[in-house]
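**Student:** Residue numbers for the sequence shown follow full-length UniProt numbering, beginning at 1 and rising by one.
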Amino acid sequence: MSSTPVSKPSAAQADNMQNPISSNMPEHLSLNKWEDTGFEWAGEIEPTSFERLSAILTTEHEQEKIQLTANLYRRNNVLHLSFKLAGDVWLTCQRCLQPVATDLTDDYDIALLDDESQVRLVNEEQDYLLLDEVITEQSPERLLPLKKLVEDEILLKTPMAPKHDDCEMTIEQFGEIPEEEENENPFAALASLKGKL
């Protein structure tokens with residue numbers, strides 16, 4: 001039996017460990033509650049649960065759930081939202097009109113800045129958003145629109161005109177294509193007059 005003392009987590013750490021791990025992705029995160037202690041969420045989400053994404057998904061193929069892990073944390077006095085997506089969505093190929101899979105698997109990290117003065121605290125390559133522009137709902141607590149931010153990144157990842165890599169556009173031909181007649185060059189007559197004048 002070991003006599004090493006076991007450190008008990010603080011109340012804030014214990015609350016943080018009980019972050020939901022489920023399939024019900026939160027629409028919003030309360031920054032009043034989570035911005036100092038951090039927040040983690042992991043689960044599976046239906047692509048059709050995103051309203052704007054749902055409008056471009058194909059109905060010709062069954063959509064599979066997307067794996068998502070999200071983490072709200074503070075580094076260098078700057079709040080960050082990082083998340084990892086794993087999975088595909090099925091869109092409509094703009095050439096053959098058949099379903100085509102688009103891989104969403106990627107890591108994302110967005111700095112959430114209180115104001116423009118914090119830009120100097122993040123790397124030049126770092127994506128960032130101003131919290132005043134992101135938090136639009138007026139309420140007593142500051143609510144970060146988690147689901148909307150994730151959907152924004154998914155929409156940026158999906159191509160505007162999805163197509164299969166090896167897709168050839170199918171063209172149906174009706175009738176024969178008429179051969180173009182060679183039109184006489186209008187300057188040919190002038191060329192013949194050149195030597196006669």
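Ideal Cβ positions, reconstructed from N, Cα and C, are used throughout, including at glycine.
Just so you know, these numbers come straight off a predicted model, no measurement behind them.
Out of Ala111, Pro159, Leu68 and Ser139, state which residue places its alpha-carbon closest to the alpha-carbon of glutamate 40.
**Tutor:** Residue Leu68 is the option with its Cα nearest to glutamate 40.
**Student:** Closest by CA to tryptophan 34, which one among Thr102, Ala161, Thr158 and Arg142?
**Tutor:** Of Thr102, Ala161, Thr158 and Arg142, the residue nearest in Cα terms is Arg142.
**Student:** Under a three-way DSSP split, which group does threonine 69 fall into?
**Tutor:** Three-state result, threonine 69: strand.
**Student:** Does the Cβ-Cβ distance between valine 134 and leucine 155 come in under 9 Å?
**Tutor:** Cβ atoms of valine 134 and leucine 155: not closer than 9 Å.
**Student:** Judging by CA-CA distance, which residue of Lys65, Leu79 and Gln98 is the nearest neighbour of aspartate 115?
**Tutor:** That would be Leu79, whose Cα lies nearest to the Cα of aspartate 115.
**Student:** Using only CA atoms, which one of Phe50, Asn76, Asp103 and Ser82 lies nearest to residue 200?
**Tutor:** For residue 200 there is no data in the structure shown, the boundaries of the chain being 1 and 197.
**Student:** Enumerate in chain order the residues of its own chain whose CB-to-CB distance from threonine 92 is below 6 Å, with the five nearest sequence positions on each side excluded.
**Tutor:** Contacts found: Thr58.
**Student:** How would you write the range of the beta strand (DSSP E) that serine 82 sits in, first residue to last?
**Tutor:** Looking at the DSSP string, the run of the beta strand (DSSP E) that includes serine 82 is 78–86.
**Student:** Taking the alpha-carbon positions, what's the asparagine 185 to serine 54 distance?
**Tutor:** Rounded to whole angstroms, asparagine 185 to serine 54 spans 56 Å at the Cα level.
**Student:** Which value, in whole angstroms, describes the spacing of the CA atoms of cysteine 167 and leucine 29?
**Tutor:** About 42 Å.
**Student:** Where do the N-terminal and C-terminal ends of the alpha helix (DSSP H) with leucine 155 fall, by residue?
**Tutor:** Run containing leucine 155: 146–157, per the alpha helix (DSSP H) assignment.
**Student:** Under the DSSP definition of a beta bridge, which residues are partnered with serine 30?
**Tutor:** In DSSP, serine 30 forms a bridge with Leu143.
**Student:** Starting from the Cα of asparagine 71, find the closest Cα among Met25, Gln138 and Gln118 and give me that residue.
**Tutor:** Ranking the options by Cα distance to asparagine 71, first place goes to Met25.
**Student:** Quick one: residues in its chain with C-beta nearer than 7 Å to the C-beta of leucine 131, no 5 flanking neighbours on either side, listed in chain order?
**Tutor:** Cβ neighbours of leucine 131 beyond the five flanking positions: Leu112, Leu113 and Asp114.
**Student:** Does the Cβ-Cβ distance between glutamine 63 and proline 162 come in under 9 Å?
**Tutor:** No, the Cβ-Cβ distance between glutamine 63 and proline 162 is not below 9 Å.
**Student:** Can you determine whether any heavy atom of the ligand NAP sits closer than 8 Å to the C-beta of proline 162, and answer yes or no?
**Tutor:** What this structure holds is no ligand at all, so the ligand NAP is not there to describe.
**Student:** Does proline 162 come out as helix, strand or coil in the three-state DSSP assignment?
**Tutor:** In the structure shown, proline 162 sits in coil (DSSP, three-state: anything other than H, G, I, E or B).
**Student:** Excluding the five sequence neighbours on either side, which residues of its own chain have a C-beta within less than 7 Å of the C-beta of glutamine 118, listed in chain order?
**Tutor:** Once the five neighbours on either side are set aside, the close Cβ partners of glutamine 118 are Val78.
**Student:** Does the beta-carbon of glutamate 125 have 16 or more other beta-carbons within 10 angstroms, so that it is buried, or is it exposed?
**Tutor:** It counts as exposed.
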